[in-house]
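When we follow our numbering, the leftmost residue of the sequence shown carries the number 4, and every step to the right adds one.
To start, the structure under review is shown below, and the notes come after it.
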Amino acid sequence: MNKQRLTSTLNKAKQVCLEHGRKFTIQRKQILQILLTTDVSLSAYELVSCYKLRTSSSVSVMSVYRILRFLESVNLVRRLNSANKYIAYDTGRERCKDDLSLFLICRHCQKVETLTVSQSDVATLFPHFAEVGFTSQTTQFEMLGVCNECQAKIA
């Protein structure tokens with residue numbers, strides 16, 4: 004992410020926090036900035052290490068979990084349940100309120116690609132949901148696999 008887009012995204016994040024009646028603290032900003040500037044998902048413990056490297060100060064893992072929980076509640080980060088790790092959520096993308104996120108997670112390098120999928124696309128991908136009377140109640144799907152870069156290294 005280039006510096007101009009990073010600044011813009013952090014300004015939007017500050018606005019989102021204010022809209023929810025909360026401050027965009029230095030620690031929240033730093034944690035979000037770390038997630039915005041990496042292609043891989045990070046655990047709370049990995050974020051503690053990155054935070055210390057970037058700021059030369061420490062933050063407890065419990066504080067990081069609280070920060071992540073708040074950032075997730077205002078849709079600035081997403082938790083990847085399959086990996087128990089977090090990624091920044093792109094606030095710049097236009098979405099329909101019914102769209103779902105599809106996270107493609109590389110098993111080798113942990114890189115995460117995010118796709119936005121419409122409800123009609125989900126119905127096409129999973130046509131048997133309705134047949135068995137199943138309604139998904141999640142706004143995200145996660146798929147584990149191998150990215151192109153890792154496939155090239157393996158071959």
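For every residue, glycine included, the Cβ atom is placed at its ideal position computed from N, Cα and C.
Remember, predicted model here, so these are calculated numbers, not experimental data.
Which of helix, strand or coil does DSSP assign to residue i?
i           : result
residue 47  : helix
residue 97  : Low local confidence applies: a pLDDT of 48 at residue 97 is under 50, so the model's placement there is unreliable, with the coordinate-based value given in what follows. Note: residue 97 maps to coil in three-state DSSP.
residue 139 : coil
residue 105 : strand
residue 144 : strand
residue 35  : helix
residue 125 : helix
residue 79  : coil
residue 119 : strand
Would you verify that the beta carbon of residue i is, or is not, closer than 9 Å to some beta carbon of chain B?
i           : result
residue 113 : No chain B is present in this structure, which holds just one protein chain.
Between the C-alpha atoms of residue i and residue j, what's the straight-line distance to the nearest angstrom?
i          : j           : result
residue 28 : residue 12  : 15 Å
residue 98 : residue 137 : Residue placement at residue 98 is poorly supported in this model, since its pLDDT is 48, which falls under 50; the coordinates are not used for a value here.
residue 9  : residue 134 : 44 Å
residue 78 : residue 55  : 25 Å
Can you give me the start and stop residues for the alpha helix (DSSP H) that residue i sits inside?
i          : result
residue 71 : 64 to 76
residue 91 : Run containing residue 91: none in the alpha helix (DSSP H); it sits in the beta strand (DSSP E), 88 to 91.
Alpha carbons only, please: which of the options is nearest the one belonging to residue i?
i           : options            : result
residue 112 : 22, 48 and 154     : 154
residue 70  : 5, 46 and 110      : 46
residue 40  : 89, 151 and 143    : 89
residue 58  : 140, 43, 14 and 34 : 34
Margin query: With three or more C-beta pairs closer than 8 Å as the rule, is the segment 73 to 85 touching the segment 120 to 127?
Written below: Judged by Cβ distances under 8 Å, the segment 120 to 127 makes no contact with the segment 73 to 85, as fewer than three pairs qualify.
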